[in-house]
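Structure first, then comments.
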Amino acid sequence: MEAGRSRTALQPETRSGGEPGSHLGTGTVLAAPRGTPGRRGTPQAEPGPGPPPQHGFPAGGRERSEGRSMPAHTPELTAITPLRPFRRRVFCAAVKRPLPGWGQAQPGFSPRGLRALPVQQLPEPGRHSRGPAHTAPRGSPGSGALGGAGGSGSGAGGAGGRMAALLLLLLLAAAGPGPGRAAAGRERRDALREELLLSPLPTGDVAATFQFRTRWDADLQRGAVSHYRLFPKALGRLVAALGVRELHLALTQGFWRTRYWGQPPLQAPAGAELWVWFQPTVTDVDKAWKELSNILSGIFCASLNFIDSTNTVIPTASFKPLGLANGTDHHLLRYAVLPREVVCTENLTPWKKLLPCGSKAGLAVLLKAERLFHSSYHSQAVHIRPICRDASCLAVSWELRQTLTVVFDFFSSGQGKKDWSLFKMFSRTLTDTCPLASQSKVYVDISPKNKEKELLEVSPPPTSVHEAIVQGERKTYAVYDLLSPSLFNTSRSLNVQLKWKRPQDSSEMPIPTLHAQRYVGGYGLQTGQICTLIYNTHPYRAFPVILLETVPWYLRLYVHTLTIITKGKENKPSYIHYQPAQDRRRPHLLEMLIQLPANSVTKITIQFERALLKWTEYPPDPNHGFYVGSSVLSALVPSVTAMKDMDVEQSPLFTSLFPSSDGSSYFVRLYTEPLLVNLPTPDFSMPYNVICLTCTVVAVCYGSFYNLLTRTFHVEEPSRGGLAKRLANVIRKFRGVPLL
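Residues in the sequence shown are numbered from 1 upward in steps of one, following the working numbering.
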C-alpha cells in the first residue's frame, strides 16, 4: 500500500427527530476512528463476552420523511467500497464467529470517525493466520492496511495480524454504544399490523379485504412531533395543522350487492366519500374543511377539490365518532359525497405509497392495479382516529387504518366459479413479509356452506384455525401467519388455494338481516319521487335504524309528501331532522329514526320537483343524467348467536371490520344505490344551428342587396380587335381552326 493514501471519512446523516445510527451493511469495510486509542500501536481493551451484533435493518426499522422511505438510524455513506463476492463471504463468516468483548464500550470510540478502507488493503483469502489480534503502530512491520506509510507486512503472520486487527475494529464498530443501538433497544412507539381476509361469497365470487393498521403512541394535536417512522408524514402534519379529530375517506368503484353477497365488511358508497370530525379548538370549521378537501385532493389525486357547500351537510344523528370523543357537537362534523368520482390507478398509487413498506413487501405485493380494477367491486379507504393507549386510557394513541376491499367475479372472467387461488386473483403470490410489520396474517373463510357442515379445503395447510362470531354467524377461518418461520420452509412463495368438496348449491342463498334498495319513481321531467325499501328479515326481533338522505338542491323536495309505510300501516319516525336546501348554496338533509318491525318491509317515499338550471351549470354530458348520493343506514342489528367481546390487540381485523356494541348486537352501516336523475335539458345544439342559419341568411341576403346598391352597370361596345387578334386568326386559318 502506498504511503499517504487518502481515505474518505464517513459521516452519518442526522435526521430530524432521529439519531445518527451505527448499523452498517456487510458490504462496507471500516477502519478505526481518527484519533482513537489504539490507532498508533496502543493495544485495545481486552474484550469480554457478549451477544453477536445485528446486521441489516434494526428491528422494525424504516423511517418516513417527505414522502420517501429509508432505513431508520442508517447513515448515508458518502463513500462506500464494495467487497468482492468471495471476500464478502469470508468477511461475513468471520463476523458471525462469536468473539469475546462484544457489547462492551470502548474508551474514546465514536461512530462519527469511521472511514472507508480501499479494497486493495484487504488481505488475500487464505493468507490470514490465527495469531494474536493487535494493532501495529504506523510504520512498523505488519501494519499493512492500518499503517498509512508503514511496511507492506510480508508473510502470513503480517497478513493474519492485519486481518485480525481489521475484524476487531469492525466488531468494535458494531458493538460500540452508538445512538442507533440504544434507540433499537428502546421500545418502539409505533407498530404496524397487516391482515388479509379472503371470503367466498354465496354467488361464487370471492371478496378480498386488506387492512394495514398503524398505531402510533404520539400526540399529534400539540404539533411537537417532528420524527415520522411508520405513520405517513403527509397525514400526520395534516391532522396536526387543521385540528382533525377523525378522518374517514373512501374511494369506491362499483356497488356492493348486499342482497347477493351478504353484509359487507367495509361498505362505502359509489364515488368518493369524506367525513371528518374537527377538534373544538377549530374556530372556522368551514375554512378548515375546505383546506382539508383540497389537500387530500392533491395527496390522493382525486377530485375532492369539488367538495363545496353545495354537496356538504352536517348530520346530527349519523356518523358518530368511532374513536375517543369527549363531546358530540355535530357542528364539528362535515360529510360530503361525490357519486360521480371515478376511481382509477392514479388513486391507488398514492394510497400504496402511504404504506410503510409500500408495495415491495408483505401483503401489499398483491396489490396489482391491473387485477384490482378488473373486478366487480373495488373500494379503498383511509381511517384516522384517536384510541386509548392502554386499558386505563390515560394516554391517547393515533390509529391509521388503510383498507382495500375487492370482489373478483371468476364467472365473467372465464375462470369458473368453484376453485380459486391467490395467483388466479392477483397474478402474484406472497414471497416475503414486511420487515416493519409486527403482525402479518392471512385469514381464509372456510366456514361450511352446505347442509352437511363440511369445511372447505385449503392448501397449503394453515398454521392455525380461528373461530369467531362475525355479524351474528359462527365463522371458521384458516390462519396463515407470515411471520411464522415454518411457513416458508418448504417453498419460498405462499399461494393459498381453496377447493370445494362438492358442487356449490347456489339456490339457497342466505338473506342478510338488513338490506335496502332505492329507485326513482314518477314520469316526465317535471315531478317525481324517491322510493326507499328497507328490509328486516329477522324472524322475531325489531330494531331501529337511522336513515340519512342527502338530495341536491336542484331536486326540490316536498316534505309534506313524506310517507313511511310498514305492513300496510303508517310508521311514524321517532326522530326527524330536516334542513331545507338553498339554491346553489346547500343541499337537502333529511335524517329519521325509524323502527323496523320483525320480518317486514318498510317503504319510504317523498316527492320532488326538477329545477331548470342555467345553461352554464350543466355538465359536458347533460343527457347522461345527474347523480344523487346514496342513502346511509346505520343500525345495531340483533344477533342470533351470542357474541363475545374480542381483544383489539389480539384480533384487530375482526374488531375493526365487524364492531359489536355488546354480545347481542353488532353495528352495520349500509349504503343504497346512487340515483341517476334526468333534468329538463335544453338542446345545446340549437345555438350552433341558429348561428349557421343566421350566417347563411346574412351572407345571401346582405350580399345580394349590397351588390344591387353599390354595383354600376354599363354596356360595353364590341371591338374589332388589334394586331394580336389578326395574327391569331391567320394562324388559325392555316391550321383549319374556326376564326376568333
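Yeah, the Cβ is synthetic: ideal placement off N, Cα and C, and Gly gets one too.
Beta-bridge pairing by DSSP links Gly528 to Phe608.
Rounded to whole angstroms, the separation of the alpha carbons of Ala207 and Lys567 is 35 Å. In terms of Cβ geometry, Asp217 and Ser397 form a close pair [threshold 7 Å]. Taking C-alpha positions only, Ala191 is separated from Arg215 by approximately 5 Å.
Note that the C-beta distance between Pro321 and Trp275 is not below 7 Å. In terms of Cβ geometry, Ser440 and Gln497 do not form a close pair [threshold 7 Å]. In this structure, the alpha-carbon of Asn599 lies about 20 Å from that of Thr563. Between the alpha carbons of Lys725 and Arg732 lies a gap of roughly 10 Å. With respect to the C-alpha of Pro510, the residue from Glu194, Pro202, Leu196 and Phe373 having the closest C-alpha is Pro202.
Excluding its 5 nearest sequence neighbours in each direction, Glu291 has C-beta neighbours in its own chain below 8 Å: Leu242, listed in chain order. Spanning the alpha carbons of Leu394 and Ile387 requires a straight line of approximately 11 Å.
DSSP, reduced to helix, strand and coil, places Lys603 within a strand of the structure shown. With a 10 Å radius around the Cβ and a threshold of 16 neighbouring Cβ atoms, Asp284 comes out exposed. A straight line joining the alpha-carbon of Ile295 with that of Thr281 spans about 20 Å.
Listed in chain order, the non-local C-beta contacts of Asp445 below 7 Å within the same chain comprise Leu198, Ser199, Pro200, Lys475 and Tyr477, local neighbours out to five positions each way being set aside. Within the DSSP secondary-structure output, Gly271 pairs in a beta bridge with Thr252. Exclusion of the five residues before and after His577 leaves Thr316 and Glu591 as the residues of its chain whose Cβ lies within less than 6 Å of its Cβ. Annotation for Pro462: Val444, Ala478, Val479 and Tyr480 place their beta carbon closer than 8 Å to its own, counting only its chain and skipping 5 residues before and after. According to the DSSP secondary-structure assignment, Gly521 is paired through a beta bridge with Gln529.
If you look at Cys695, you'll find it in the alpha helix (DSSP H) that goes Met686 to Val697. Each of Ala270, Gly254, Leu676 and Leu636 was checked against the Cα of Val668, and the nearest Cα belongs to Leu636. Taking a cut-off of 8 Å for Cβ pairs, the stretch 515-535 and the stretch 604-616 touch, as three or more such pairs fall below it.
Assigned with DSSP and collapsed to three states, Ile511 falls in coil, not helix or strand. Minimum Cα-Cα distance from Glu195 among the listed residues Thr433, Val697 and Ala325 corresponds to Thr433.
Boundaries of the beta strand (DSSP E) around Pro386: Tyr377 to Cys388. The beta carbon of His624 lies closer than 6 Å to none in the same chain, with the five residues before and after it left out.
By the 16-neighbour rule on beta-carbons within 10 angstroms, Ile384 is buried. Residues of the same chain with a CB within less than 7 Å of the CB of Gln221, apart from the 5 flanking positions on each side, are Ala240 and Gln279 in chain order. Short of 7 Å from the beta carbon of Phe426, and not among the five residues preceding or following it, lie these beta carbons of its own chain, in chain order: Leu366, Lys368 and Arg371. In the structure shown, Pro622 falls within a helical segment according to DSSP collapsed to helix, strand and coil.
The beta carbons of Arg541 and Glu609 sit no closer together than 7 Å.
Secondary structure at Pro462: coil, using DSSP grouped into helix, strand and coil. If you look at Thr345, you'll find it in the alpha helix (DSSP H) that goes Thr345 to Lys353. Here the alpha carbon of Pro269 sits roughly 21 Å from the alpha carbon of Lys352. Collapsing the DSSP output to three states places Tyr706 in a helix. Nearest in C-alpha terms to Ser447, of all of His466, Leu436 and Ser639, is His466.
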